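>
In our numbering, the protein residues as written are 83 to 871.
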């Protein structure tokens, strides 16, 4: 009865341990899954934000280019005179002559626009009547009032209109401007880009494969039926949308990034996986991003865009590789399996301890039990440890094996008659002589042997075993005994550890391991390549010493505090190379604890310097003038707002100069645009040479510039700058042996006397500039009259 009660209590403990272990394992798996879902959410949100930022950059770039074309070349009497005459005559021959004049006046501009990605450069008469299509000069006179909302809005409102718009032949990002002659609306001009132009001129910003999906209803409503099948392809993602083939990277392999060439063939499979997940969200015109894992992990972002008419009209879809998600998915299953193995080991240990306790109880209460019971306990212990014992007696040749040895050799206990010869036959031929020599040596000298070797099991598979033996040559008859242990599982584990070490050594990501105090214990070759340090220079060095603090960002010391508190940290830092050069890195830090409580930290580092460089290039393109490199109107307004805020806080002044170059147009007309561009660049250099580093020289467009004077002491300081600029810009510019002469008209505004906002100061300075230009003109006319007298 006491033994039965002990067994019952042991079984109850087993069930409690099993239930608690499964509950704990379930909670761990749930936490691992939640962590993966959080990473997936972060990845998709970053991808969607990145796509939105790219779209904003594309739109800004197109808007700035279109505005510059409109301000520099289209707001001229040379253009508006032609449109005014065409709007006031119905003579078709006269229209033809006027079209030729307009085409000739802008014939140098159109090739430059095509290089910038402009798809349509199109003039219209009042009422949205086509006057001149530069890409199709043979098509004119058709009314676009009902098919182009942008033209209808410009005719009705007389203001510029821009945005995405579907068309009869292609979809475009259109910029339509009204044209006036002596205050009278005489027509409009369109500068439009296709989505293909975006991809052509921003290929260095690509982070994946892009597609434009257009609402099927808009395609059927606006497009020409005979052209629809040529320009569109049914989308595999959503039957409500069609793919714009003219801007589709699948049909334009030259625009596809090389690292995404594989995706072109796999795209239908991905779309099929995503179709059921995106139907409802696309129907609601929601901006979202999803991840898909097979055959390679991707994050797919969906950004809806509105048409000029205010309707949701299309989606920009980007397919971007997400190797981090793939690694995290594999790591998730590794953690689940690893914790499962740990749980199993723990349960086995508990069961084993209970078994030992039960065995000891049996031994205490079974002093009178038979030898068979003790042998059974021994067999169970051997089965758990995969160790069997044997005995060989000479000269009879009798051999005895325990049950576990039968199992190690692949037999059921008692299935064969053991013998020395049968044992040697099972030994791998390459190891047989070594094993025989060890046994014979033990028989002759009495020295124990310990040999690791291979055997063939009954099914022909190879196992690794460890044979130990001890001889008693002085006894009669002679006796040899020992044990056999199966080492196959341990050998497999050692091989897996070697493979894991090889993977760490060969990966392109930098990996470091530190102790609980943050001292580096180990690094892989990729880490030394990133930092420039040799391994022996890094061992026992604090990992935080390689981190460089950046203003406004989390300090390196605080990162390690968060790591110690939370057990993990991920983000961007600046890592110091051996040369002293800071390098931006994406870092993932994780803590690992051993069974005995020791803590190590593992860091994975990725070089993101190329990504940072692309971000800086994008920002500069959006905030600087393409010709002179000066800050553009957008950056000028930002710096003006900042300067006014500082001046308001400290009671300082802010000066603004609005500068226009008189006689610039004759330079362009006489010597061409190359001379004009050279003159504008020289003017920019001279103005920068006059101003301080704290001041800002900006090109607003055409021959108009602005100068922001930060914190002048008095109004006289501003006038002094004006005099310096007059002197500097009044000197002739030599171009190819010719003197190019201009005279600046400068308007001045002063904060706070002339206004308290950037807009107010710009308006005051603009008016002052035009007043001075008028005085210059009057003075020239008076001088000309005096000369004639």
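All C-beta atoms in this analysis are idealised placements derived from N, C-alpha and C, irrespective of residue type, glycine included.
Note that the coordinates shown come from a computational prediction; the quantities given were computed from them, not determined experimentally.
Compute the Euclidean distance between the alpha carbons of residue 709 and residue 416, then round it to the nearest angstrom.
The residue you call residue 709 lines up with position 627 of the chain shown. The residue you call residue 416 lines up with position 334 of the chain shown. The alpha-carbon atoms of residue 709 and residue 416 are separated by roughly 55 Å.
> Would you identify the three-state DSSP class for residue 96, choosing helix, strand or coil?
Here residue 96 refers to the residue found at position 14 when the chain shown is read from its first residue. Of the three classes helix, strand and coil, the one that applies to residue 96 here is helix, per DSSP.
> Quick one: grab the DSSP three-state call for residue 252.
In the chain shown, counting from the first residue as 1, residue 252 sits at position 170. DSSP places residue 252 in coil when its eight states are reduced to three.
> Tell me which same chain residues have a C-beta within less than 7 Å of the C-beta of residue 617, skipping the five on either side of it?
Taking the first residue of the chain shown as 1, we reach residue 617 at position 535. The answer, listed in chain order, is 605 and 610.
> Determine, using beta-carbon pairs with one atom in the segment 761 to 772 and one in the segment 716 to 725, whether at least three such pairs fall under 8 Å.
no
> Pick helix, strand or coil for residue 314, following the three-state DSSP scheme.
Taking the first residue of the chain shown as 1, we reach residue 314 at position 232. Three-state result, residue 314: strand.
> Is residue 805 buried or exposed, if buried means 16 or more other CB atoms sit within 10 Å of its CB?
Position 723 of the chain shown holds residue 805. With fewer than 16 Cβ atoms within 10 Å of its Cβ, residue 805 is classed as exposed.
> What residue range does the alpha helix (DSSP H) around residue 162 cover?
Walking along the chain shown from the start, residue 162 turns up at place 80. It spans 159 to 169 - the alpha helix (DSSP H) in which residue 162 sits, taken as one unbroken run.
> Suppose you measure from the CA of residue 165 to the CA of residue 268; what does that come to, to the nearest Å?
Counting from one through the chain shown, the residue named residue 165 turns up at place 83. Counting from one through the chain shown, the residue named residue 268 turns up at place 186. Cα to Cα, residue 165 sits roughly 6 Å from residue 268.
> Can you say whether residue 317 is buried or exposed, counting buried as having 16 or more other CB atoms within 10 angstroms of its CB?
Taking the first residue of the chain shown as 1, we reach residue 317 at position 235. Per the 10 Å Cβ criterion, buried.
> So who's on the other strand from residue 653, going by DSSP bridges?
To locate residue 653, count along the chain shown from 1; it is residue 571. In the DSSP output, where bridge partners are listed per residue, residue 653 has 669.
> Please report the distance separating the alpha-carbon of residue 152 from that of residue 259.
Here residue 152 corresponds to residue number 70 of the chain shown, with the count starting at 1. Here residue 259 corresponds to residue number 177 of the chain shown, with the count starting at 1. Taking the straight line from one Cα to the other gives about 8 Å.
> In the segment 701 to 769, which residue ranges form an unbroken beta strand (DSSP E) of at least 3 residues, counting only runs that do not cross its ends?
736 to 744
> Out of curiosity, what's the CA-to-CA distance linking residue 614 and residue 624?
Here residue 614 refers to the residue found at position 532 of the chain shown. Here residue 624 refers to the residue found at position 542 of the chain shown. Near 16 Å, if we compare the C-alpha coordinates of residue 624 and residue 614.
> Just how far apart, CA to CA, sit residue 563 and residue 536?
Within the chain shown, residue 563 is the residue found at index 481, counting from 1. Within the chain shown, residue 536 is the residue found at index 454, counting from 1. Straight-line Cα distance between these residues: approximately 20 Å.
> For residue 773, name the three-state secondary structure that DSSP assigns.
Within the chain shown, residue 773 is the residue found at index 691, counting from 1. In this structure, residue 773 counts as coil in the three-state DSSP scheme.
> Which residues mark the beginning and the end of the alpha helix (DSSP H) in which residue 272 is found?
Taking the first residue of the chain shown as position 1, residue 272 is located at position 190. Run containing residue 272: none in the alpha helix (DSSP H); it sits in the beta strand (DSSP E), 266 to 276.
> Count the other CB atoms within 10 Å of the CB of residue 856; is the residue buried (16 or more) or exposed (fewer)?
Within the chain shown, numbered from 1, the residue matching residue 856 stands at position 774. Within a 10 Å sphere around the beta-carbon of residue 856 sit fewer than 16 other beta-carbons, which makes this residue exposed.
> Just reading off the alpha helix (DSSP H) that residue 806 is part of, what are its end residues?
As a first step, residue 806 is located in the chain shown; it is residue number 724 there, counting from the start. Residues 797 to 812.
> Rounded to the nearest angstrom, how far is the Cβ of residue 660 from that of residue 690, given a contact under 8 Å?
Here residue 660 corresponds to residue number 578 of the chain shown, with the count starting at 1. Here residue 690 corresponds to residue number 608 of the chain shown, with the count starting at 1. The beta-carbon separation of residue 660 and residue 690, rounded to 19 Å, does not stay under the 8 Å limit for a contact.
> DSSP three-state label for residue 853, please.
Start at 1 with the first residue of the chain shown, and residue 853 comes out as number 771. Annotated three-state conformation of residue 853 is helix, per DSSP.
> Would you say the segment 812 to 823 touches the segment 771 to 791, given that touching needs at least three Cβ pairs under 8 Å?
no
> Mapping DSSP to helix, strand and coil, what is residue 862?
Against the chain shown, residue 862 aligns to sequence position 780. Helix at residue 862.
> Roughly how many angstroms separate the alpha carbons of residue 481 and residue 488, rounded to a whole number?
Taking the first residue of the chain shown as position 1, residue 481 is located at position 399. Taking the first residue of the chain shown as position 1, residue 488 is located at position 406. Answer to the nearest angstrom: the Cα atoms are 12 Å apart.
> What does the Cβ neighbour count give for residue 532, buried or exposed, with the cut at 16 atoms within 10 Å?
Position 450 of the chain shown, counted from the first residue, corresponds to residue 532. Residue 532 should be labelled exposed.
> Straight-line CA distance for residue 273 to residue 188?
As a position in the chain shown, residue 273 is number 191, starting the count at 1. As a position in the chain shown, residue 188 is number 106, starting the count at 1. Straight-line Cα distance between these residues: approximately 13 Å.
> Going by the CB atoms, is the gap between residue 580 and residue 565 shorter than 8 Å?
Indexing the chain shown from 1 puts residue 565 at position 483. Indexing the chain shown from 1 puts residue 580 at position 498. Against a cut-off of 8 Å, the Cβ pair of residue 580 and residue 565 comes out as no contact.
> When you compare only the Cα positions, how much space is there between residue 410 and residue 707?
The sequence position of residue 410 within the chain shown is 328, counting from 1. The sequence position of residue 707 within the chain shown is 625, counting from 1. Between the alpha carbons of residue 410 and residue 707 lies a gap of roughly 43 Å.
> When the Cα atoms are used, what is the spatial distance from residue 348 to residue 629?
The residue labelled residue 348 in the question sits at position 266 within the chain shown. The residue labelled residue 629 in the question sits at position 547 within the chain shown. Per the coordinates, the alpha-carbon of residue 348 lies some 41 Å from the alpha-carbon of residue 629.
> From what residue to what residue does the beta strand (DSSP E) around residue 70 run?
Residue coverage of the chain in this structure runs from 83 to 871, which leaves residue 70 outside it and unanswerable.
> Within 10 angstroms of its Cβ, does residue 452 collect 16 or more other Cβ (buried), or is it exposed?
Along the chain shown, one-based indexing puts residue 452 at 370. Bear in mind that the predicted position of residue 452 carries a pLDDT of just 48, short of 50, making it too unreliable to give a figure here.
> Can you tell me the Cα-Cα spacing of residue 851 and residue 370, whole angstroms?
To locate residue 851, count along the chain shown from 1; it is residue 769. To locate residue 370, count along the chain shown from 1; it is residue 288. Whole-angstrom Cα-Cα distance: 49 Å.
> Between the Cα of residue 182 and those of 494, 670, 211 and 215, spot the shortest distance and give me the residue it belongs to.
Taking the chain shown and counting its residues from 1, the one referred to as residue 182 is at position 100. If we check each option's Cα against that of residue 182, 215 comes out closest.
> What residue does the beta strand (DSSP E) around residue 821 start on, and which one ends it?
As a first step, residue 821 is located in the chain shown; it is residue number 739 there, counting from the start. Residue 821 -> beta strand (DSSP E) spans 820 to 822.
> Closest by CA to residue 391, which one among 87, 121, 653 and 243?
Here residue 391 corresponds to residue number 309 of the chain shown, with the count starting at 1. Considering only alpha carbons, the answer is 243.
> Have a look at 264, 282, 212 and 328 and flag the residue whose alpha-carbon is nearest the alpha-carbon of residue 271.
Residue mapping note: residue 271 aligns to position 189 of the chain shown, counting from 1. It is 212 whose Cα lies nearest to the Cα of residue 271.
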